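Count along the sequence shown from 1, add 310, and you get the number used in this note's numbering.
Note that CB positions come from ideal geometry on N, CA and C, so glycine has one too.
Here the structure is a predicted model, which is why all the values come from computation and not from measurement.
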Amino acid sequence: MNHKPIEGFSKLPKQGKIDWLVNEYLEGNQEYQNILKQYWNEDADLQKLHDEFSENTISNFYMPYGIAPNFLIDGKLVALPMAVEESSVVAAASKAAKFWIDKGGFKTTIINTEKLGHTHFIFNVEPHKLLHFFNFNLKKKLFETTDDITANMRKRGGGILNINLVDKTAEMPNYYQLKASFDTVDSMGANFINSCLEQFGKTLRQEVATSEDFTQEEKNSLQIVMNILSNFTPDCIVRAEVSCKMEDLKDDSGISPEEFASKFKQAVTIAEIEPYRATTHNKGVMNGVDAVVIATGNDFRATEACAHAYAARDGQYRSLTHCTTDNGVFRFWIDLPISVGVVGGLTNLHPLVKFSLALLGKPSAQELMSILAVSGLAQNFGALRSLVTTGIQKGHMKMHLLNILNQLGATEEEKQYFVAYFKDKTVSHHEVINEFNRMRGN
Numbered sequence: 311m312n313h314k315p316i317e318g319f320s321k322l323p324k325q326g327k328i329d330w331l332v333n334e335y336l337e338g339n340q341e342y343q344n345i346l347k348q349y350w351n352e353d354a355d356l357q358k359l360h361d362e363f364s365e366n367t368i369s370n371f372y373m374p375y376g377i378a379p380n381f382l383i384d385g386k387l388v389a390l391p392m393a394v395e396e397s398s399v400v401a402a403a404s405k406a407a408k409f410w411i412d413k414g415g416f417k418t419t420i421i422n423t424e425k426l427g428h429t430h431f432i433f434n435v436e437p438h439k440l441l442h443f444f445n446f447n448l449k450k451k452l453f454e455t456t457d458d459i460t461a462n463m464r465k466r467g468g469g470i471l472n473i474n475l476v477d478k479t480a481e482m483p484n485y486y487q488l489k490a491s492f493d494t495v496d497s498m499g500a501n502f503i504n505s506c507l508e509q510f511g512k513t514l515r516q517e518v519a520t521s522e523d524f525t526q527e528e529k530n531s532l533q534i535v536m537n538i539l540s541n542f543t544p545d546c547i548v549r550a551e552v553s554c555k556m557e558d559l560k561d562d563s564g565i566s567p568e569e570f571a572s573k574f575k576q577a578v579t580i581a582e583i584e585p586y587r588a589t590t591h592n593k594g595v596m597n598g599v600d601a602v603v604i605a606t607g608n609d610f611r612a613t614e615a616c617a618h619a620y621a622a623r624d625g626q627y628r629s630l631t632h633c634t635t636d637n638g639v640f641r642f643w644i645d646l647p648i649s650v651g652v653v654g655g656l657t658n659l660h661p662l663v664k665f666s667l668a669l670l671g672k673p674s675a676q677e678l679m680s681i682l683a684v685s686g687l688a689q690n691f692g693a694l695r696s697l698v699t700t701g702i703q704k705g706h707m708k709m710h711l712l713n714i715l716n717q718l719g720a721t722e723e724e725k726q727y728f729v730a731y732f733k734d735k736t737v738s739h740h741e742v743i744n745e746f747n748r749m750r751g752n
């Protein structure tokens with residue numbers, strides 16, 4: 311091995327972790343120590359708070375925190391906080407919001423809020439015997455033995471909605487599930503759901519052991535494999551949409567509203583039928599969704615996993631957004647499965663998360679679902695609008711221009727020159743370098 315493994319890394323103080331990393335992997339270069347420390351917060355208590363969000367923390371990793379204004383959502387004007395590093399995401403969202411603000415804005419509908427979890431188990435028993443046991447004994451016991459866990463959630467209007475036995479033996483020998491649906495109100499609910507499911511596993515084991523419905527051999531075959539929530543929540547879903555008369559689709563690109571609507575719908579249809587395009591199409595949707603998810607302290611990995619599973623729910627990966635142009639009306643919408651919370655986790659701890667939620671008017675979980683769907687729809691509209699008119703690179707590369715100039719070490723005066731220089735030109739990395747070298751006489 312090229313380096314020595316270490317025992318007890320997690321027990322070292324933060325400085326000890328840094329010293330070991332720099333000496334073992336970075337040849338003792340003090341510059342790397344300085345890089346890590348320049349991102350520490352000067353407020354020691356605030357830094358300690360951030361250190362305790364995760365394990366083995368040695369610094370903070372900054373992302374740009376931007377604002378996309380002018381979102382008219384269900385009659386309320388909202389400014390969206392977006393934590394994202396990709397050039398043009400905030401700009402595209404803002405431009406889409408401005409486009410729709412005088413056309414009625416974005417409308418949303420909460421279709422459902424059910425979340426799911428499973429106890430996965432192996433049991434070598436006839437399915438009809440297990441079903442009888444579930445219906446006449448086990449189901450009631452599962453509710454009873456989780457009564458203490460669900461008490462507070464039930465007071466807030468949530469709790470366990472239903473529990474079903476699922477026979478999966480056709481796909482894997484002796485494999486069954488206890489599938490439960492939950493309402494976690496304003497929390498994302500992962501810990502609550504997993505606590506309920508772990509109790510399900512214990513109750514299942516106990517009830518089988520004392521039941522007279524099964525032989526000892528059958529009882530011995532029971533294996534509780536795992537108890538875990540599912541991040542696929544196809545019944546926790548929100549719809550966001552925009553619509554207007556076709557003639558109101560005036561665009562500054564010079565094409566007619568009718569041509570714009572036709573090309574836009576074609577672009578969406580292609581993403582509905584072609585997985586190669588749908589993947590990039592939905593990535594653009596998630597540019598908008600994830601930026602607000604991160605800014606509000608929610609789990610963007612769960613959001614991503616759920617959205618993409620939903621996009622492939624019929625066996626082919628498809629667009630999350632849809633478009634119609636019937637009877638002279640342009641309509642564009644998204645059905646987004648998403649599970650988020652506004653209490654618990656980082657929402658009560660991270661100062662910028664608190665700021666984000668305050669900026670959004672301290673939304674409920676359902677209101678945040680609506681905001682996230684709108685953010686994804688707006689981002690997708692902005693991307694498609696560029697694709698079917700001027701092309702994606704014109705706007706994207708102009709936003710990328712400053713990144714290139716920063717890499718070249720350009721001064722503020724030189725940056726202003728380049729912004730003016732490319733005002734009526736398409737930015738390319740090659741052209742920026744050529745002009746930069748010419749200007750500096752290289």
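| query | result |
| --- | --- |
| Three-state secondary structure assigned by DSSP to D496 | coil |
| Supposed close pair H313, Y342 - CB separation, criterion 8 Å | Wrong, their Cβ atoms sit about 15 Å apart, outside the cutoff. |
| Nearest-angstrom Cα separation, counted from W643 out to A406 | 14 Å |
| Selection from L390, A402, K408 and Q509 that minimises the alpha carbon distance to N694 | One detail in the question is off: residue 694 reads as Leu in this sequence, not Asn. L694 has its Cα closest to that of A402, out of L390, A402, K408 and Q509. |
| Length at least 3, wholly inside the segment 567-604: the beta strand (DSSP E) runs in chain order | none |
| Minimum C-alpha distance to V388 - residue among T613, Q717, S540 and I377 | I377 |
| Distance, F610 Cα to G467 Cα | 26 Å |
| Among S696, G594, Y727 and N637, nearest to L687 - alpha-carbon criterion | G594 |
| With 16 other Cβ atoms within 10 Å as the buried cut-off, status of T456 | buried |
| N530 (DSSP reduced to helix, strand or coil) | helix |
| 8 Å Cβ cutoff, G651 in contact with chain D | Note that chain D does not occur in the displayed structure, where there is just one protein chain. |
| Cβ distance (whole Å) where C546 is taken to contact T423 below 8 Å | 5 Å |
| Presumed contact (8 Å Cβ cut-off) between V603 and I383, rounded CB distance | 16 Å between Cβ atoms; not a contact. |
| Alpha-carbon to alpha-carbon, L659 and N472 | 32 Å |
| C-alpha distance - P374 paired with M482, whole-angstrom precision | 47 Å |
| C-beta contact flag for Q357 and N366 at 8 Å | no |
| Start and end residues, alpha helix (DSSP H) containing Y620 | F610 to A621 |
| Buried or exposed by the 16-neighbour rule on C-beta atoms within 10 Å, applied to Y586 | exposed |
| Pairwise C-alpha distance: I681 and V400 | 15 Å |
| Burial state of E722 (16 or more Cβ within 10 Å) | exposed |
| Residue burial classification, K386 (beta-carbon count within 10 angstroms, cutoff 16) | exposed |
| Span of the beta strand (DSSP E) around Y375 | Y375 to I383 |
| Three-state secondary structure assigned by DSSP to K555 | strand |
| Three-state class that DSSP yields for P437 in the structure shown | helix |
| Same chain only: Cβ atoms within 6 Å of F570, ignoring 5 sequence neighbours per side | L559 and D561 |
| C-alpha gap between L715 and F746, whole angstroms | 9 Å |
| T635 to A354 span [Cα, whole Å] | 57 Å |
| Integer-rounded CB distance, given that F453 should sit under 8 Å from I470 | 7 Å |
| DSSP state of M482 mapped onto helix, strand, coil | coil |
| CB of M679 within 8 Å of CB of V548, strictly | yes |
| DSSP-derived helix/strand/coil call for N501 | helix |
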